[in-house]
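Under my numbering, think of the first position of the sequence shown as 1, with each following residue one higher.
Each remark here refers to the structure printed beneath this line.
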Amino acid sequence: MGIIKLSADNILKDKKLHNIWLAGLGAYAKSTEEVNQLSEKSKTLFDELVEKGRAIESNTKERLHTEQSHASVAIEERVQMTIQKFVGLDNERLDNIDDKIDQLTQNIEMLVAKKQEHAKPEEKEEKAE
1 MGIIKLSADN
11 ILKDKKLHNI
21 WLAGLGAYAK
31 STEEVNQLSE
41 KSKTLFDELV
51 EKGRAIESNT
61 KERLHTEQSH
71 ASVAIEERVQ
81 MTIQKFVGLD
91 NERLDNIDDK
101 IDQLTQNIEM
111 LVAKKQEHAK
121 PEEKEEKAE
């Protein structure tokens, strides 16, 4: 009877060891599944954060561009006001003066061209003599 009892004890011990082994494998499989689930969740969360970041970046760039435009216009207005204070002329008067200068330049160019035309026939007459 001692051999049978010893054999039964060995079988029970072997079965317990086998069950412990199986429990360890089950724990490993379960932890692997949970890691994979967490990995999927973290990937999904990361993708969501990237999309939100893109939206915020786009919105921020748009606001920044608008603010830069407003600041640029304000600076231009301040520069114009400062110039007007120093010069004493407003933009309209400066534009009129600029137009007059352009007109005078055209008139001078026409006079120079006419003078050159009159000079050419005189040169021909001198060469002919």
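Just so you know, even glycine gets a beta-carbon here, dropped at the ideal spot from N, CA and C.
Nothing here was measured: the structure is a model prediction, and the numbers come from that model.
If the criterion is Cβ atoms closer than 8 Å, does the pair residue i and residue j meet it?
i	j	result
ASN91	GLN106	no
Within the same chain, show all residues whose beta-carbon is closer than 8 Å to that of residue i, passing over the 5 residues directly before and after it, in chain order.
i	result
ILE97	LEU89
Can you tell me whether DSSP reads residue i as helix, strand or coil?
i	result
LEU89	coil
MET1	Confidence in MET1 is poor, its pLDDT being 46 and thus under 50, which makes the residue's placement unreliable; the coordinate value appears in the next sentence. Coil at MET1, not helix or strand.
Would you decide whether residue i is buried or exposed? Buried here means 16 or more other CB atoms lie within 10 Å of its CB.
i	result
ASP14	exposed
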